[in-house]
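Colleague:
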Amino acid sequence: MFSHPQDQDIHRDRKTNTPGIAPPLATKTTKVDAKEKDIFDKLPSVPLVIEGDKAKAKEGIKTVTPPFSTTHEKDADPLSSHHDLVRSSMYIVPADEDLFELVGLPMLVTFQPFNELVPVPEYRLKDLVRCKGCGSFPVPDSSLPVDRFKCSLCGFVNDIMTDSPSFSSHTVDYIVDGKQALSQRTWYSGESLPRTSSVLLPSCRKWKEPCLVFGLDMSVTSKGSPGYAAYIDGMKDILKSRNFSLFYKRFSVVIFGESPCVISDSEIGFSISVLENVESKGEGSQESVQGICSPLFIDTENLTEERVDELVGIIENLSTGQTDMFAGLVAAMQLVSYTGGGKLLLWLGSGRYTLSSGQTILQTVIDCGLSVHIFTSEKNELENVTMLSYGTGGSVQREGIQASLSDAIMKNSYFRCSVRVVGSNGLKRRSIYSNGSFENISNVFFPEMSSSTAFSASFSVDEFLKEGVPVFVQCIVEYVDLAGDYRTRVINLRLKASRLIQQIFIGLSFDAMFCGLCKYICSEPVNMLENIRKAERALVTSLVLYKRACAKDTSLTQLVLPDPLKLLPVLLQSVLKYPKIQLSLACRTEMAGEIMPLSVERTFRMFYPRLIRISALFTVSDVEELAGERLTMRHLCEEDSYLLDTGSKVVLWFGRGAVDFMDEMMSSEVVTEAISRLREIYGAPMKVFQMIQGHQDADFIGYMVEDQMGGYPKYQEYLTSLHGKIVKH
Numbered sequence: 001m002f003s004h005p006q007d008q009d010i011h012r013d014r015k016t017n018t019p020g021i022a023p024p025l026a027t028k029t030t031k032v033d034a035k036e037k038d039i040f041d042k043l044p045s046v047p048l049v050i051e052g053d054k055a056k057a058k059e060g061i062k063t064v065t066p067p068f069s070t071t072h073e074k075d076a077d078p079l080s081s082h083h084d085l086v087r088s089s090m091y092i093v094p095a096d097e098d099l100f101e102l103v104g105l106p107m108l109v110t111f112q113p114f115n116e117l118v119p120v121p122e123y124r125l126k127d128l129v130r131c132k133g134c135g136s137f138p139v140p141d142s143s144l145p146v147d148r149f150k151c152s153l154c155g156f157v158n159d160i161m162t163d164s165p166s167f168s169s170h171t172v173d174y175i176v177d178g179k180q181a182l183s184q185r186t187w188y189s190g191e192s193l194p195r196t197s198s199v200l201l202p203s204c205r206k207w208k209e210p211c212l213v214f215g216l217d218m219s220v221t222s223k224g225s226p227g228y229a230a231y232i233d234g235m236k237d238i239l240k241s242r243n244f245s246l247f248y249k250r251f252s253v254v255i256f257g258e259s260p261c262v263i264s265d266s267e268i269g270f271s272i273s274v275l276e277n278v279e280s281k282g283e284g285s286q287e288s289v290q291g292i293c294s295p296l297f298i299d300t301e302n303l304t305e306e307r308v309d310e311l312v313g314i315i316e317n318l319s320t321g322q323t324d325m326f327a328g329l330v331a332a333m334q335l336v337s338y339t340g341g342g343k344l345l346l347w348l349g350s351g352r353y354t355l356s357s358g359q360t361i362l363q364t365v366i367d368c369g370l371s372v373h374i375f376t377s378e379k380n381e382l383e384n385v386t387m388l389s390y391g392t393g394g395s396v397q398r399e400g401i402q403a404s405l406s407d408a409i410m411k412n413s414y415f416r417c418s419v420r421v422v423g424s425n426g427l428k429r430r431s432i433y434s435n436g437s438f439e440n441i442s443n444v445f446f447p448e449m450s451s452s453t454a455f456s457a458s459f460s461v462d463e464f465l466k467e468g469v470p471v472f473v474q475c476i477v478e479y480v481d482l483a484g485d486y487r488t489r490v491i492n493l494r495l496k497a498s499r500l501i502q503q504i505f506i507g508l509s510f511d512a513m514f515c516g517l518c519k520y521i522c523s524e525p526v527n528m529l530e531n532i533r534k535a536e537r538a539l540v541t542s543l544v545l546y547k548r549a550c551a552k553d554t555s556l557t558q559l560v561l562p563d564p565l566k567l568l569p570v571l572l573q574s575v576l577k578y579p580k581i582q583l584s585l586a587c588r589t590e591m592a593g594e595i596m597p598l599s600v601e602r603t604f605r606m607f608y609p610r611l612i613r614i615s616a617l618f619t620v621s622d623v624e625e626l627a628g629e630r631l632t633m634r635h636l637c638e639e640d641s642y643l644l645d646t647g648s649k650v651v652l653w654f655g656r657g658a659v660d661f662m663d664e665m666m667s668s669e670v671v672t673e674a675i676s677r678l679r680e681i682y683g684a685p686m687k688v689f690q691m692i693q694g695h696q697d698a699d700f701i702g703y704m705v706e707d708q709m710g711g712y713p714k715y716q717e718y719l720t721s722l723h724g725k726i727v728k729h
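Residue numbering for the sequence shown follows full-length UniProt numbering, starting at 1 and increasing by one per position.
1) What is the DSSP secondary structure of Gly342, counted as helix, strand or coil?
2) Under a Cβ-count criterion, where at least 16 other Cβ atoms within 10 Å of its own Cβ denotes burial, should Ile595 be classed as buried or exposed?
3) Pick from Ala551, Arg494, Ala483 and Leu105: whose alpha carbon is nearest that of Leu153?
4) Do the CB positions of Leu564 and Ser599 come within less than 8 Å of each other?
5) Put Ile314 into one of helix, strand or coil per three-state DSSP.
6) Using 10 angstroms around the beta-carbon of Glu536, count the other beta-carbons present and answer buried if the total reaches 16, otherwise exposed.
7) What does a CB cutoff of less than 6 Å around Lys126 pick up in its chain, not counting 5 residues either side in sequence?
8) Are the beta-carbon atoms of Val560 and Val46 separated by less than 8 Å?
9) Going by the CB atoms, is the gap between Ser89 and Pro113 shorter than 8 Å?
10) Would you grab the beta carbon distance between Ser456 and Cys417 for me? Rounded to a whole angstrom, and I think it's under 8 Å.
11) What are the start and end residues of the alpha helix (DSSP H) that includes Ser337?
12) Going by beta-carbon coordinates alone, are Ile476 and Leu85 separated by less than 8 Å?
13) Find out if the Cβ-Cβ distance for the pair Met449, Gly393 is shorter than 8 Å.
14) Using 8 Å as the threshold, is the C-beta distance between Val444 and His729 below it?
15) Tell me the DSSP secondary structure of Ser245 in three-state form.
16) Which residue comes first and which comes last in the beta strand (DSSP E) that contains Pro447?
17) Roughly how many angstroms separate the alpha carbons of Phe415 and Gln474, rounded to a whole number?
18) Going residue by residue through the region 45-128, where are the continuous alpha helix (DSSP H) segments of at least 4 residues, counting only ones entirely within it?
19) Rounded to whole angstroms, what's the CA-CA distance from Pro24 to Ile314? Just pull it up for me.
20) Does Gly269 come out as helix, strand or coil in the three-state DSSP assignment?
21) Quick one: using the 10 Å Cβ neighbour count with 16 as the cut-off for buried, is Ile232 buried or exposed?
22) Assuming contact is defined by CB atoms lying nearer than 8 Å, are Ile92 and Gln503 in contact in what I supplied?
23) Helix, strand or coil for Ser413, going by three-state DSSP, please let me know.
24) Starting from His373, trace the beta strand (DSSP E) both ways and give me its first and last residue.
25) Give a yes or no on contact between the region 342-356 and the region 261-279, applying the rule of three or more CB pairs nearer than 8 Å.
26) Taking the CB atoms as reference points, tell me whether Ile612 and Leu643 lie closer together than 8 Å.
27) Ala457 bridges to which residues according to DSSP?
28) Look at the alpha carbon of Arg87 and the alpha carbon of Met666, and state the distance between them as a whole number of angstroms.
29) How would you write the range of the alpha helix (DSSP H) that Lys179 sits in, first residue to last?
30) Helix, strand or coil for Gly284 per DSSP?
31) So, are the CB atoms of Gly234 and Ser389 less than 8 Å apart?
32) Straight-line CA distance for Gln716 to Thr557?
33) Where does Leu246 land, buried or exposed, given buried means 16+ other C-beta within 10 angstroms?
34) With distances taken from CA atoms, which of Ser136, Thr320, Lys566 and Glu36 is nearest Val157?
35) Mapping the DSSP letters down to three states, classify Tyr712 as helix, strand or coil.
36) Using DSSP with H/G/I as helix, E/B as strand and the rest coil, what is Tyr188?
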């Protein structure tokens with residue numbers, strides 16, 4: 001049923017994640033049935049939709065939703081925070097609970113609170129004006145006298161004792177100076193230390209500034225693993241960098257072994273402290289871990305090239321036996337607890353790692369404000385150690401280790417982030433989808449966030465809303481910056497309620513909807529496929545309503561897609577075709593950790609990358625001007641070369657006939673400028689890979705999501721299947 005001469009060999013083996021033997025590309029591009037091509041060209045096309053959206057933006061046509069993320073226009077809504085900070089799947093909210101259920105699609109609001117593309121005004125205040133009823137911040141409103149304000153979220157009328165920037169700006173960043181304002185913060189982002197029975201912690205914080213901890217497994221196997229030399233070289237480059245002391249005032253080195261060792265500074269030079277009394281008490285034990293690590297740090301201001309070489313020499317000369325992960329983590333947690341938070345950069349190269357304490361240790365690591373970034377080789381098995389990284393806002397790096405280590409350090413990070421998302425009366429917050437962070441009644445805790453970190457919150461309607469009334473969502477992020485300042489960032493989103501079904505569909509946003517759905521899908525790696533099917537059923541329910549209410553006169557045999565949802569089917573089927581979906585639970589867990597913190601733009605490009613002919617780059621001044629090609633092998637030419645932008649990496653693919661020009665293209669200023677521009681757009685590092693047609697280019701072929709792949713149908717047949725479900729509904 002799902003076979004076609006052009007598509008039958010485009011697949012990956014589910015067990016090995018390798019491509020089958022494919023015929024030459026020419027056989028895929030020259031023998032295309034004319035009738036099928038005509039049908040294919042009429043299907044909703046991502047590049048065409050993007051071009052149309054760009055044209056509307058240039059003509060100044062105003063739409064209910066902000067410009068799609070794929071256009072990157074900067075026409076921000078003056079009644080909300082900038083759409084690069086917050087994006088909603090619905091800008092027109094169903095006005096009652098029954099209508100919300102009838103629409104079928106979820107209301108998902110995605111926040112990227114520290115997006116560096118958006119300048120946010122800063123104010124240093126000793127006291128913050130907040131609603132006494134719900135604790136939220138004022139939303140700009142001139143409907144009341146200057147001595148009072150009515151809370152836009154809960155309706156409580158407050159007396160104003162002092163002025164506040166929140167009355168005039170939808171996005172504000174406060175530097176909190178006063179004792180009263182500090183006392184109102186959550187314990188996580190304040191001066192308090194967590195209370196835990198798992199480990200002993202210092203009695204107080206010695207420094208306000210966050211710190212950095214290098215962690216290494218120095219067993220013989222680990223030191224001989226691919227990537228170890230790159231980690232050591234990366235660490236040496238960073239410590240010798242003049243910019244290092246601008247980010248961190250102190251760091252430490254923890255050697256993970258049977259008993260953890262800490263290398264620190266002393267009056268006679270570097271010293272090694274073996275922590276014999278830091279040990280785990282076994283799986284399921286409720287006993288406290290005895291012993292506490294002293295504040296053993298190295299000041300960055302005192303580093304010289306000679307001292308760095310001496311330190312790295314000491315590290316490389318150490319050798320350990322069996323690795324006790326729990327004991328090493330305890331030492332790192334205790335060190336970080338002396339400071340304002342921190343991150344652990346951990347090298348693991350011994351093949352296989354596991355944590356018997358599981359979820360308990362993850363909660364403790366989060367409470368201590370420690371994020372874990374793991375650097376390892378491709379073949380190492382991390383099992384539940386992966387969740388330790390993703391659950392704390394960290395990452396797992398298996399390639400480009402030296403560059404990744406630098407990227408993890410030389411960037412603005414925000415520590416001990418306490419996030420609260422609230423909606424106005426009539427909205428009920430359901431869940432927050434983030435990188436494994438634990439959620440309590442009102443707050444979600446992130447040990448670390450960066451400028452590219454995003455998360456989504458889902459809402460439902462639980463009250464009757466009047467037609468046309470404004471609906472508000474506010475995000476409050478309390479955090480500690482690299483300088484040790486206590487800060488609070490406030491972001492506001494203004495929506496509108498309606499009972500008009502046509503208006504509700506006009507107010508949908510496909511990119512924010514897709515981003516939120518991806519975070520929901522990845523919230524349970526064990527149930528990923530089932531969650532995709534749930535998202536698909538929600539889409540079917542919505543399309544049934546649209547056809548009955550807004551397209552009554554169309555034929556039963558016609559599939560009707562509202563403009564804002566035209567691209568959602570191709571995006572959902574691309575998630576099904578993503579290779580890691582079909583692999584082990586460990587692979588799906590790692591994939592979930594990669595997707596969860598992605599912004600709207602990067603999520604979209606991860607599953608539907610921008611495919612550009614490199615020759616087209618010479619005709620424009622900005623890569624953003626190019627909408628790209630459709631992701632199908634039938635549109636590729638083996639005489640040409642292409643740039644594939646996935647939001648996190650760039651693949652340069654050269655057809656057989658373009659190999660002779662490969663070196664020229666790779667060194668071209670136009671190509672390097674395009675890659676630099678993409679790094680700027682996403683605010684994240686972009687790895688660059690080079691591939692040649694027919695030579696280990698399976699990764700590139702795997703992105704051709706409009707073709708049949710991995711047992712799933714090609715795009716047009718997926719739409720046919722979707723239409724069948726709508727007709728049967």
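Note that CB positions come from ideal geometry on N, CA and C, so glycine has one too.
Modeller: Answer, in terms of the structure:
1) strand
2) Counting the other CB atoms within 10 Å of its CB gives Ile595 a total of 16 or more, which places it among the buried residues.
3) Closest by alpha carbon: Arg494.
4) Correcting the residue type first, residue 564 is Pro in the shown sequence and not Leu. Pro564 is not a Cβ neighbour of Ser599, given a cutoff of 8 Å.
5) helix
6) By the 10 Å Cβ count, Glu536 comes out buried.
7) Asp177 and Gly178
8) At least 8 Å separates the beta-carbon of Val560 from that of Val46.
9) no
10) At roughly 16 Å, the Cβ-Cβ gap does not stay under 8 Å, so Ser456 and Cys417 are not in contact.
11) Met325 to Ser337
12) no
13) yes
14) It is not a contact, given that the beta carbons lie outside the stated cut-off.
15) helix
16) Where Pro447 is concerned, the enclosing beta strand (DSSP E) stretches over Val444 to Ser450.
17) One C-alpha to the other measures close to 20 Å.
18) 46-59 and 97-103
19) For Pro24, the predicted structure reports a pLDDT of 41, less than 50, and the residue's modelled location is therefore unreliable. The matter cannot be settled from this model.
20) Strand at Gly269.
21) buried
22) yes
23) strand
24) Start and end: Leu370 to Phe375.
25) no
26) yes
27) Val109 and Ile432
28) 36 Å
29) Where Lys179 is concerned, the enclosing alpha helix (DSSP H) stretches over Lys179 to Ser183.
30) Residue placement at Gly284 cannot be trusted, given a pLDDT of 45 that sits under 50; what the coordinates show is reported in the next sentence. Here Gly284 sits in coil by DSSP.
31) no
32) 15 Å
33) exposed
34) Ser136
35) strand
36) coil
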